[in-house]
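Going by the working numbering, the sequence shown runs without a break in its numbering and finishes at 382.
Glycine residues also receive a C-beta, built at the ideal position from the N, C-alpha and C atoms.
Please read these numbers as outputs of a predicted model, since none were measured by experiment.
Remarks on the structure that follows.
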Amino acid sequence: MQEIIYELIIKEKYGSLSVEDSAVLLSWRQESLANEQAYQSLYGTLDDYTLVDRYQSIDLDHAWAKVDQRISEQPQKSRSLYRYWVRYAAALLLFFSIGLYWYTARQERAIDTSVIGSLDDVVPGGNKALITFSNGEQILLDSTQSRLETIDGTYRYGDGREVTNSEVQFATVSTPIGSTYEVTLPDGTKAWLNASSSIHYPTRFTGQERAIETTGEVYLEVAADKKHPFIVHSANQRLQVLGTAFNIRSYSDAIVTTLVHGKVSLSGQHTHKTVSLQPGQQAILSEKQIAISEVNASDYTVWIKGVILNRDASLVDICQELERWYGVKFVFPKGFKNEERVMLSIDRKERLSTVLSSLEKAYFVRFEIKGKEVRVN
Numbered sequence: 006m007q008e009i010i011y012e013l014i015i016k017e018k019y020g021s022l023s024v025e026d027s028a029v030l031l032s033w034r035q036e037s038l039a040n041e042q043a044y045q046s047l048y049g050t051l052d053d054y055t056l057v058d059r060y061q062s063i064d065l066d067h068a069w070a071k072v073d074q075r076i077s078e079q080p081q082k083s084r085s086l087y088r089y090w091v092r093y094a095a096a097l098l099l100f101f102s103i104g105l106y107w108y109t110a111r112q113e114r115a116i117d118t119s120v121i122g123s124l125d126d127v128v129p130g131g132n133k134a135l136i137t138f139s140n141g142e143q144i145l146l147d148s149t150q151s152r153l154e155t156i157d158g159t160y161r162y163g164d165g166r167e168v169t170n171s172e173v174q175f176a177t178v179s180t181p182i183g184s185t186y187e188v189t190l191p192d193g194t195k196a197w198l199n200a201s202s203s204i205h206y207p208t209r210f211t212g213q214e215r216a217i218e219t220t221g222e223v224y225l226e227v228a229a230d231k232k233h234p235f236i237v238h239s240a241n242q243r244l245q246v247l248g249t250a251f252n253i254r255s256y257s258d259a260i261v262t263t264l265v266h267g268k269v270s271l272s273g274q275h276t277h278k279t280v281s282l283q284p285g286q287q288a289i290l291s292e293k294q295i296a297i298s299e300v301n302a303s304d305y306t307v308w309i310k311g312v313i314l315n316r317d318a319s320l321v322d323i324c325q326e327l328e329r330w331y332g333v334k335f336v337f338p339k340g341f342k343n344e345e346r347v348m349l350s351i352d353r354k355e356r357l358s359t360v361l362s363s364l365e366k367a368y369f370v371r372f373e374i375k376g377k378e379v380r381v382n
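Printed below as a string of structure tokens:
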């Protein structure tokens with residue numbers, strides 16, 4: 006079974022997995038968290054060495070033995086000359102076969118070697134999420150789907166398929182590194198989860214408030230309902246809205262709230278004031294203070310369109326974003342300083358090596374990929 010699963014993972018990574026096999030692999034992943042962890046580990050470590058291993062498995066001694074056997078069957082007079090020409094032809098055939106096999110395998114994977122640039126290249130992420138229900142049940146959401154809906158107490162994929170038939174009160178949807186997911190809440194509010202983020206919400210909103218909790222980065226388009234304020238709890242911040250669209254980011258100690266349209270008011274657990282934001286404003290809550298500034302809101306919400314970053318940012322800022330999306334760790338030399346700030350638009354679908362190539366030209370640095378570590382020089 007292990008060999009079958011390994012083969013399916015290889016096919017999935019290189020784009021040759023059938024619909025039937027995809028269902029088998031997904032079912033195996035959903036059997037347990039251990040299976041999913043094994044999948045993530047295997048998927049992340051596959052690279053060009055796979056081709057090398059398959060090539061090295063060719064038994065050359067056995068192949069030459071078969072050639073010698075054919076030679077021995079020839080008449081004695083012509084055996085010497087025949088042996089020379091057959092060995093020569095066999096060598097050419099073997100060389101051509103290996104080359105053809107290598108080329109075919111590379112074509113099947115549809116990988117441009119000029120883009121890879123390294124055997125340790127990292128592929129981009131996709132749509133992955135784990136949903137944990139209040140009864141303890143956990144389900145890995147189908148990676149072929151990008152949206153989860155909660156309607157009339159039922160959790161369904163965007164195509165209408167039911168996720169679970171269990172009766173639960175709350176659910177937490179969380180995304181791993183390198184993944185995003187869209188969630189529609191019971192009231193019609195839409196939430197987009199960035200990598201390493203989560204949203205906790207009830208199966209049904211009851212009472213006077215619609216309260217949820219978020220971690221990481223979440224973009225929300227809140228359904229209007231003046232009678233039932235929408236409350237978002239993020240770390241030590243409480244944010245209240247009526248009907249609006251905004252982005253909330255709480256990866257670090259500071260919580261960054263960017264308002265696209267509508268109106269929100271927020272307060273910190275350790276602050277003694279409540280502030281209101283207007284469209285195009287951003288609030289940064291850190292420790293005991295809230296700082297408000299004017300920003301281009303679209304620069305902070307463009308990630309929901311498949312772009313990692315599109316604003317005037319430092320190299321360190323960008324590397325932090327790349328760490329969450331590609332699951333790598335950037336290592337800077339001691340005392341490293343780079344004050345350059347560049348406007349960039351990074352496509353999430355690009356391989357890491359392609360992104361780093363662009364950054365090298367923009368920031369005049371060099372990168373070296375070593376497994377899950379990227380060294381900056």
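- Look at the segment 142-194 and you find these whole runs of beta strand (DSSP E), each 3 residues long or longer: 143-145, 152-156, 159-162, 167-169, 175-179, 184-189.
- Straight across, the Cα-Cα distance linking Asp-352 with Leu-145 is about 26 angstroms.
- Separation of Glu-187 and His-266 (C-alpha to C-alpha, rounded to the nearest whole angstrom) is 20 angstroms.
- Around the CB of Ala-134, 16 or more other CB atoms lie within 10 Å, so the residue is classed as buried.
- Nearest C-alpha to Glu-365 among Gly-311, Lys-354, Arg-380: Arg-380.
- Assignment of Ala-240 by DSSP, reduced to helix, strand and coil, places it in the coil class.
- In the three-state scheme derived from DSSP, where H, G and I count as helix and E and B as strand, Ile-14 is classed as helix.
- Ranked by Cα distance from Ile-217, the first of Lys-231, Ala-39, Gln-242 is Gln-242.
- By the criterion of a C-beta distance shorter than 7 angstroms, Glu-142 is surrounded in its chain by Thr-169, Ser-171, once the five residues flanking it on both sides are discounted.
- DSSP lists Ala-176 as the beta-bridge partner residues of Tyr-206.
- Ranking Leu-198, Ser-272, Thr-211, Ala-367 by CA distance to the CA of Gly-158 puts Thr-211 first.
- In its chain, beyond the 5 residues on either side, Trp-197, Tyr-224 have a beta carbon closer than 7 angstroms to the beta carbon of Ile-309.
- Nearest Cα to Tyr-256 within the set Pro-191, Arg-329, Leu-320, Ala-318: Arg-329.
- In the structure shown, Gln-283 falls within a coil segment according to DSSP collapsed to helix, strand and coil.
- Only residues of its own chain outside the window of five on either side were considered, and among them Gly-273, His-275, Thr-276 have a CB closer than 8 angstroms to the CB of Lys-293, listed in chain order.
- Taken through DSSP and simplified to helix, strand or coil, Val-223 comes out as strand.
- Boundaries of the alpha helix (DSSP H) around Glu-326: 320-331.
- Judged by beta-carbon spacing, Pro-129 lies within the 9 angstroms limit of Glu-355, meaning their Cβ atoms are closer than that value.
- Val-370 carries a coil assignment under DSSP once its states are collapsed to helix, strand and coil.
- For Ser-272, the enclosing beta strand (DSSP E) begins and ends at 269-273.
- Out of Lys-231, Ser-203, Asp-164, Gly-221, the CA that lies nearest to the CA of Arg-215 is found in Lys-231.
- For Tyr-11, the CB contacts under 8 angstroms within the same chain, skipping 5 residues up- and downstream, are Leu-47 in chain order.
- Per DSSP, the beta-bridge partners of Ser-291 are Gln-294.
- Linking Ala-228 to Ala-240 through their CA atoms gives a straight-line distance of about 23 angstroms.
- Within its own chain, the residues whose Cβ lies closer than 6 angstroms to the Cβ of Val-300, once the five positions on either side in sequence are excluded, are Gln-287, listed in chain order.
- For Ser-298, the CB contacts under 6 angstroms within the same chain, skipping 5 residues up- and downstream, are Gln-287 in chain order.
- Counting along the chain, the unbroken beta strand (DSSP E) around His-266 starts and ends at 260-266.
- When the beta-carbon positions are compared, Ser-291 and Ala-259 come within less than 9 angstroms of each other.
- Arg-161 has its alpha-carbon roughly 19 angstroms from the corresponding atom of Arg-34.
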